[in-house]
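S.K.: Protein chains in written order, with the UniProt record's numbering: chain F, 1 to 99; chain D, 1 to 195; chain H, 1 to 419; chain L, 1 to 998. All residues carry an ideal CB built from backbone N, CA and C; glycine is no exception. I'd like to ask you about the structure that follows.
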Amino acid sequence: MLITCPYCGPRDVSEFAYQGDGNRTRPDPASTDSEAWNAYVYDRLNPAGIHNEIWQHAGGCRVHLAVVRDTLTHEISSVRFAREHGTPTHSRRNHGAKA
Amino acid sequence: MGEQLSPLEPIFRPGSHGNFVDGVGVTLSEIAPGSIVQLAAWPGEEKKLMAAIGSVTGLKLADGAGAGASSDRYAAFGFAPGKFLVSDASEGLATTFAGKVAAATGTVTDLSHGRTAIRIAGPRSEWVLAKLFAVDFSLPAFSVGSGISTTHHDVFTQIQRSGPDSFDLYVFRSFARSFWKMLCHASDEVGYEVR
Amino acid sequence: MAEYSAFSLLKNALSGNRDWKPAWRKPSPKASYDVIIIGGGGHGLSTAYYLAKEFGITNVAVLEKGYLGSGNVGRNTTAVRSNYLLPQNTRFYEHSMKMWENLSHDLNYNVMFSQRGVLNLAHTPGQLDDLARKGNAMRHLGVDAELMTPVEIGRRVPGLDMSQQARFPIYGGLMQERAGTARHDAVAWGYARGADRRGVDIIENCEVTGFLRDGDRVTGVSTSRGDIRAKKVAVAVAGSTGRVMQLAGIDRMPIESHVLQAFVSESLKPFLDTVLTFGMGHFYVGQSDKGGLVYGGDLDGYNSYAQRGSLPIVEEVMSEMLALFPSLAPVRVLRSWGGVCDMSMDGSPIITTGPLPGMYLNCGWCYGGFKATPASGFCFAHTIAKDAPHEFNAPFTLDRFSRGTVIDDKGQGPTPRMH
Amino acid sequence: MSPRRTPSGGRVNRLRTIRFTFDGTAYTGHQGDTLASALLANGVSLFGRSFKYHRPRGVLTSGVDEPNALVTVLRGEVREPNIPATMVEIHDGLTAVSQNRFPSLAYDVSAVNQLGGKFISAGFYYKTFMGPVIGPLKGTRFWMLCEKIIRRAAGLGRAGHAPDPSRYERMNAFCDVLVVGSGPAGLAAAHEAAQSGAQVILAELDPCFGGSANWSGETIDGEPAATWASDVVGELKTHDNVRLLKRTTVWGYYDGNTLAAVERVSDHKDTPAKGAPRHRHWTIRARKVVLATGAFERPLVFPGNDRPGVMMASAAMRYANQYGVLPGEKIAVLANNDSAYRAMAALAKAGARIIAIADLRQDVSAACRKLANDAGAELLTGHAVISTEGGKKLSGVKLAPFSATSGVSTGNARDIGADCLIVSGGWSPTIHLASQAGARPVWSDDLQAFLPPETGKGWIGAGAFNGNFSTAEAISEGFAAGRNAAGQPALETTALPDIEPAPLDPNPAPVFEIKAKGKAFVDFQHDVTADDVRLAHLEGFVSVEHLKRYTTLGMATDQGKGSNVPGLAIMAEALGKPIPEVGTTRFRPPYAPVSVGALAAERFGDLKPERLTPMHDWHLENGATMYSAGLWFRPMIYGGPGETIEQAYVREAQATRETAGIVDVSTLGKIAVQGPDAAEFLDRVYSNVFSTLPVGKARYGLMLREDGLVFDDGTTWRLGEHDFLMTTTTANAGKVMQHLEYFLDVVWPDLKVHLTSVTDQWAGAAIGGPKAREILASCVTGTKVDNEALPFMGIVHGEISGAPVMICRLSFSGEMAFEVYSGAGHGTHVWEALIEAGRPFDMVSYGLEALGTMRIEKGHVTGAEIDGRTSARDLHLGWMLSKKKPFIGSAMMDREGLSASGRLELVGLISLDNRPLSGGAHIVEEVDAANPHGSLGHITAACFSPALGKYIALALVSGGKARYGKRAHISDPLRNRFGPVEIVSHHFFDPEGKRMHG
Ligand SMILES: Cc1cc2nc3c(=O)[nH]c(=O)nc-3n(C[C@H](O)[C@H](O)[C@H](O)COP(=O)(O)OP(=O)(O)OC[C@H]3O[C@@H](n4cnc5c(N)ncnc54)[C@H](O)[C@@H]3O)c2cc1C
Ligand SMILES: NC(=O)c1ccc[n+]([C@@H]2O[C@H](COP(=O)([O-])OP(=O)(O)OC[C@H]3O[C@@H](n4cnc5c(N)ncnc54)[C@H](O)[C@@H]3O)[C@@H](O)[C@H]2O)c1
Ligand SMILES: Cc1cc2nc3c(=O)[nH]c(=O)nc-3n(C[C@H](O)[C@H](O)[C@H](O)COP(=O)(O)O)c2cc1C
Ligand SMILES: [Zn+2]
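Listed below in structure tokens is the structure:
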């Protein structure tokens, strides 16, 4: 698998560290909503199909990337800086998990 | 202040090694610059930081990822968004930059002791480096002056192309000895000279 | 159907092997069942078997989307052990171990359970202490475990690099002699045959595509072969848990699906007589009865349903193998493959009623659920039959995360790829 | 002259004679021979034994698809098992031995297995060996007894125990076009792609380029095809945008058009060139791939089809045309398609007698009849071979009329003497790589074969791979594919070379099996017979994947390259379904077996780099025994002559508490945290507050994970308003860095903070003990180090022997102690100066054991206690959880399970029997050595405490504090150690911290 880092260009997957589901939003730090915290810390979207994920180019520029990738084919359709684009946006309803 | 002790010291064996009977494919040397400094700009402040680099080193950096340049004394290249590695044959570069880079522009981090700089030069440099890194070292893909960050397994490495067949590698000092051994091993096949 | 035995083999051989019967029938789905089990892997099949055998519930269908055993039960590296650190796990897996010890007889099917031992290596004194902690924890629950010295290890595993010059010299190890391997496919087939003989319908090529609902309550499933109703619907789909739960409208689960690769070498004469794990990375190896070294390492490290691995892990695993066995460099890799693992947030499984009324859930096996097959089926059957967990699966709830009663054997926290 | 070598012809170098041995017998061959061709030339027919029945086997093929002729190559003590003789290039000194036989290849006792044939049919082992229900062999014992015997009989070659001294390497490559296969199609593709200026790699698994052109016997532009091929190769060599890789098998097609290949660099040499690897593992990232991998000829299934002397027709042709070897003198032919006629003609031309041709078809073209006639062979259409004669060598075949529709022979059989039977059952395109890349095979009724789909996302196919079996098609498709792959528009017309047209029709009759009495093999190596396939059907193992797993069809070293299609055709017939509905099993990497060494490459013998502190050499020179700690090496003890580990660490710790000691702490993770929001950031990531920390001071900090459990601890130093130096534990340095980077990049991108790993920038020496300050004062210049200038947790800057240093007064040992940081390049210099300054005070250097001892005495926690399951309160660090602010983990740390009673808490233990305690021992209320139970917790770290004069330990024990002062017992059945302990506070020594505050 190759991931095209917006800074470094296409690099081997071995240079990247997976940071998981990019659809999670961290509750306000002061929030005491335990359900929200539990969902953030423990629950993951795990679609078969298009997935929004966070990867770090740990063996390169070390920047975190918002990656849209198909978990069935491993095809990557978009890579952007997580910092600028925040949590990757991809319509939730549309993650095409047609079982 | 006193010279730095090289981490390569006990295993640094000048001379020709490996399969050199048909000529030496690469030359390996430790550059040992006096200073290695990391400069990092806040988002939007990159231009100012590049200007500061220019004013201290006289090097003009083009826009774009990995852009870099070098002179007899200095070398500089981008290795991450807004981040640059600058080296100087002399000591004290971090102090100089500390006076030139405003807090609002970015940060200066002295890595003069933390990174070991190794040069590989010669006609088979690309071949030897390709054994270690999953990076396209061909000239069209990796132009003279420019830099990258990459990894050989556990060894994080920043690489600047210092000439058509010459590359400068910056590795963490604690890994330098292991890395050097591996580089020598990889160079055996083409014959190498340590200088 | 006829019992399997040396005698039946001989009898059939004499009649030209023409009288064997299918190991299980190929029925068409009925309109409704008491219990539907989604997933014809080890756990689904063993659940059906124990529902029938232990709880007398035989109006049961197992629905499998592909061929029976096409999931992880058919692609795992077959290590069976109960050497866990935390008591919740140790008790459960030890129960499983006891069931393994009698499984071939119970099923009248030789699952080739071979108690050749599983040896975890330590490479530093600290690691040896950690193994001692685990081994002692096991011993305090009545489970066998022994520490081995380097000399003993060298004798037990010839070819292992025992030199002090090794990058990570071997300092000792923890051996569970009762652990070992079983023939993975035989487990699926043996349970299928056993369940079938007790009246369970095993329906292959029948993919569940949705859940039938009455309000919140699950009342059946839609499948590629039509709708099927059931009083109880049990999900045991391992790596596909995310997909199937999504069909029930549950998008988020404490599960990530990750691909794990495995490898088999060309067939060799007996080389390794135990199962070995490396302590300075992720690597484990055993040898199949056919002679292939069966081995693997770390997850590829990203969500995947592709049953296909990437190259860096291949290289990683091979390097680790050679760090242990430098003589194996010329030996050749025959085949590699991948399986999709349902990695949970604490590395431990979930066997529970719910999360919807009428639904039962069995998942979170990570890459260690093959050894759980008997106990998982037994406990899940109990949970389905009694609407309450058996004492062995009582800790494996879904709400342990929100309650903070996680069972984190590796201490990695909610980072599934690290478990 | 060897008995079977043709007087002329072939592409071996007859001027070069090579000597080698097989099973101890010396043979000669020529340069260009494979082991198979050289042995055949010497008249050898028996090469190996099959897996299950130990049947004698010869050579079936001439390439990677060889199932039978597997050998072990010996290089000194090093064994390389299971190598097809067809893939071994001979060289002087080559030593090969046969395998899976005892005592010898010719007389193998396990061959008796054949007698049990019907009894040990497919899957027999599932049905027996279950043993008695009671008695000494109950449970798994009986099976394990049987298993031992089965395991010994099974298996092919033997692996050795001698470490392989070879070198293996990796190479990364990038290209525009990777062409796999160098037959006419591949060469044409490479040629066109190269013309366009694209970066091209051409990989060919054989030792020479050209593929079938090397042995097809065809002419191209009036020259032998092989000449055309070498001309093209010659031209490719002139392009510097082309890399030609021979002996290179592309074995894996991975995501992102990343392909893996192994080049056998020096297997064919007596000794590799200096520094050259044996195998080179290529990882090729290609923009486009041209798959020109050709096709495999399939065997037919009939009784006795495994007798040595039965050979694929194309292989026989190759032996004759390429190697100048006749596989037999009296040759019979069995075919269901035209291609065997070409082979037959070539063999006849090379001097063999063709006795008869049994063609399963009733109708045979005029072209074929002519070829048969020219060769002087009797042509029997509508005939089949129904059995073979001979022992370890073919002596004859039985022919009988045959109906292709019923698949059975119909009339009277006839015996024919022959020493070789060549067989062609049609062709299967080599679609393995395309399938790995996700392509779904498409069944062709014409070719009776699975073809690749038209193109894939990253690849284009050409030639026989596409099922186009003429050379003209191969070349024209190659041209088109090469242009296309290089991004060039297709040409309207392409000037193709002039090729002698192939008059033959590649479409076979749809016959895979000849049903007659006797064992008819589908999978040769694994001894899977047609009856086994039918047995699988009978027992319901009808899906192809079940068929495979139940019978092991296609699971041998050749992975069913020849046998899969016949196998599933027989299943399809049993099911009464068309073949495409039955489908094919999944293709997996590697395409052909690959050495483990090649994949480990440069990491073979060098698994992980060594991470060394600046003072590493000093430690070694001064007697340190080193530990590996992750990738780092750290001194464990500096043992004196005759000293045990315990004596050494006790001496070191004692001396430190009495006068002073110094320890290398350079491995601690160090992170520069810089920027205007640095303090705010630290407040969020640490459980305690850092924004209030004054410049020039350090503070101990605790980090939790998001789930509220303890993550890491360390001190963080404020060097400037916006400039912090964070330290982490050695083990967690990388993890902490990543954790912090994640939050900065993903969660709080608005914070202006930069993080840089400066672990390697600083050498760290911790000097502690009652004399530490005095020692420091005696060598530091530029700063005072007294209480006022350097209070507890204060930081000063100065110089030691000319090198700048930064000193922080903090203590892990519990003594008055200082961490002296200098630039790593000055580390040894400063260290030696400190050692020198300490000499008058008898200061010792100490290692991790003494460090551990002193921290246990003080009750400081490390990774053994912070094991990912403990909370701050479990470790009595609740005081560090700020109530004033949220921080990472604060929201989750109070969940019920984390505050439940009965959790394991940190305590101290004192051995009451004055015997050592060990990490990993458990704690119980009452000892029951025979039946250990009732664990309350376990020891995390233990030592002999010189300060207390006792064996002590830290432990995590349920109930914790409530048990202070109570007696309990060690229960360590693994090491057979039981004994009384007292549970105490973890602060064993100087709980008020008088010593470090001074
Ligand atoms: C490479 C690898 C190595 C492993 N090694 C070991 C080991 O050494 N020891 C060990 O104990 N464990 C090991 N494991 C883990 C173990 O294999 C699994 O935990 C266990 O097999 C999971 O349970 P199962 O057998 O029921 O799963 P599976 O066999 O995966 O069964 C789930 C079934 O559900 C079916 N399914 C999915 N969706 C649907 C649907 N919608 N409709 C119908 N059916 C559906 C699937 O097709 C599948 O057959 C390994 C796993 C892998 C991948
Ligand atoms: N029915 C028939 O008579 C028949 C059938 C098949 C082929 N052919 C002949 O074969 C030729 C077709 O040419 P072509 O170029 O398509 O095929 P080819 O067989 O000439 O060449 C394919 C080449 O690919 C190589 N190869 C295969 N897999 C590889 C891998 N994974 N890595 C590296 N190398 C690999 C093989 O070693 C071989 O040299 C024609 O000349 C045709 O006449 C004839
Ligand atoms: C324990 C074990 C042993 C295996 N041994 C072999 C073997 O000897 N030969 C072989 O071709 N495959 C072997 N395999 C791999 C299977 O062929 C297959 O790849 C695996 O079950 C996954 O299925 P898939 O490749 O069809 O997806 C083995 C698999 C396992 C789990
Ligand atoms: Zn990058």
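Are Phe-283 (chain H) and Glu-320 (chain H) touching if we call contact CB-CB under 8 Å?
M.R.: Going by C-beta atoms, Phe-283 (chain H) is nearer than 8 Å to Glu-320 (chain H).
S.K.: Name the residues in the stretch 5 to 24 of chain F whose C-beta lies less than 7 Å from a C-beta of chain L; which are they?
M.R.: Ala-17 and Gln-19
S.K.: Is Gly-66 (chain H) near ligand 1, going by C-beta to nearest heavy atom under 7 Å?
M.R.: yes
S.K.: Label Gln-362 (chain L) either buried or exposed according to how many other C-beta atoms from any shown protein chain fall within 10 Å of its C-beta, with 16 as the threshold for buried.
M.R.: exposed
S.K.: Buried or exposed: which applies to Thr-89 (chain F), given that a residue is buried once 16 or more other Cβ atoms fall within 10 Å of its Cβ?
M.R.: Because the pLDDT of Thr-89 (chain F) is 39, which lies under 50, any placement of that residue in the model is unreliable, and the number read from its coordinates should be weighed accordingly. Exposed, by the Cβ-count rule.
S.K.: If you check the beta carbons only, do Arg-200 (chain H) and Ala-52 (chain H) fall under 8 Å apart?
M.R.: Correcting the residue type first, residue 200 (chain H) is Val in the shown sequence and not Arg. Going by C-beta atoms, Val-200 (chain H) is nearer than 8 Å to Ala-52 (chain H).
S.K.: Are any of the Cβ atoms in chain F nearer than 8 Å to that of Ser-16 (chain D)?
M.R.: no
S.K.: According to DSSP, is Glu-643 (chain L) part of a helix, a strand, or is it coil?
M.R.: If DSSP states are grouped into helix, strand and coil, Glu-643 (chain L) belongs with coil.
S.K.: Starting from Ala-140 (chain D), find everything on chain F with Cβ-Cβ shorter than 7 Å and list it in chain order.
M.R.: Reading off the sequence, residue 140 (chain D) comes out as Pro, not Ala. Within chain F, no residue comes near Pro-140 (chain D); the closest Cβ sits about 13 Å away, beyond 7 Å.
S.K.: Pop quiz: Glu-815 (chain L) and Ala-772 (chain L) are said to be a contact at Cβ under 8 Å. What is the actual Cβ separation, rounded to whole angstroms?
M.R.: 7 Å
S.K.: List the endpoints of the continuous alpha helix (DSSP H) containing Pro-136 (chain L).
M.R.: Looking at the DSSP string, Pro-136 (chain L) is not in any alpha helix (DSSP H), and its letter there is neither H nor E.
S.K.: Using the rule of at least 16 other Cβ atoms within 10 Å of the residue's Cβ for burial, across every protein chain shown, is Glu-3 (chain H) buried or exposed?
M.R.: exposed
S.K.: Just to confirm the assignment, what range does the beta strand (DSSP E) spanning residue 1002 (chain L) have?
M.R.: Absent from the structure is residue 1002 (chain L), since the part of chain L shown begins at 1 and ends at 998.
S.K.: I want to check one thing, is the minimum distance from the CB of Trp-215 (chain L) to the heavy atoms of ligand 2 below 7 Å?
M.R.: Checking every heavy atom of ligand 2 against the Cβ of Trp-215 (chain L), none is found closer than 7 Å.
S.K.: Kindly indicate if chain F contains any beta-carbon less than 8 Å away from that of Tyr-253 (chain L).
M.R.: no
S.K.: Measure the alpha-carbon distance for Cys-368 (chain L) versus Glu-266 (chain H) and round it to whole angstroms.
M.R.: 41 Å
S.K.: Please determine if the stretch 382 to 393 of chain L and the stretch 415 to 428 of chain L are in contact, where contact requires at least 3 C-beta pairs separated by less than 8 Å.
M.R.: Segments in contact, yes.
S.K.: Please go through the same chain and pick out, in chain order, the residues whose beta-carbon is closer than 6 Å to the beta-carbon of Asp-928 (chain L), but skip the five residues on each side of it.
M.R.: Shown here for Asp-928 (chain L): not one same chain residue has a beta carbon closer than 6 Å to its own, the five before and five after excluded.
S.K.: Using only alpha-carbon positions, find the residue among L:Glu-832, L:Ile-331, L:Asp-164 and L:Leu-881 that is nearest to Ala-350 (chain L).
M.R.: L:Ile-331
S.K.: When the Cα atoms are used, what is the spatial distance from Gly-297 (chain H) to Gln-127 (chain H)?
M.R.: Cα-Cα distance, rounded: 19 Å.
S.K.: When the cut-off is 8 Å and only beta carbons count, does Ala-601 (chain L) lie next to chain F?
M.R.: Taking Cβ atoms only, chain F never reaches closer than 8 Å to Ala-601 (chain L), which makes this a no.
S.K.: Hey, is Arg-75 (chain H) close to ligand 1, as in C-beta under 7 Å from one of its heavy atoms?
M.R.: Yes; taking the cut-off as 7 Å, the Cβ of Arg-75 (chain H) has a heavy atom of ligand 1 nearer than that.
S.K.: Excluding five sequence neighbours on each side, which residues of the same chain lie with their C-beta closer than 7 Å to the C-beta of Gly-623 (chain L)?
M.R.: Tyr-638 and Gly-639
S.K.: Once the 5 residues before and after Glu-256 (chain H) are set aside, which same chain residues still bring their CB inside 6 Å of it?
M.R.: Answer for Glu-256 (chain H): Asn-303, Met-343 and Pro-416, listed in chain order.
S.K.: Can a CB atom of chain F be found closer than 8 Å to the CB of Gln-559 (chain L)?
M.R.: no
S.K.: Secondary structure at Gly-461 (chain L), three-state DSSP: helix, strand or coil?
M.R.: strand
S.K.: Hey, quick one: how far does the beta strand (DSSP E) through Thr-352 (chain H) stretch, first residue to last?
M.R.: 350 to 353
S.K.: Alpha carbon to alpha carbon, what distance is there between Asp-43 (chain F) and Leu-881 (chain L)?
M.R.: 26 Å
S.K.: Got a sec: is the Cβ-Cβ distance from Pro-854 (chain L) to anything in chain H below 8 Å?
M.R.: It is Met, not Pro, that sits at residue 854 (chain L) in the sequence shown. When Cβ-Cβ separations below 8 Å define contact, Met-854 (chain L) makes no contact with chain H.
S.K.: So what does DSSP say about Trp-337 (chain H), is it helix, strand or coil?
M.R.: Strand at Trp-337 (chain H).
S.K.: Can you tell which of L:Gly-908, L:Arg-264, L:Ser-424 and L:Asp-677 has its C-alpha closest to the C-alpha of Val-753 (chain L)?
M.R.: L:Asp-677
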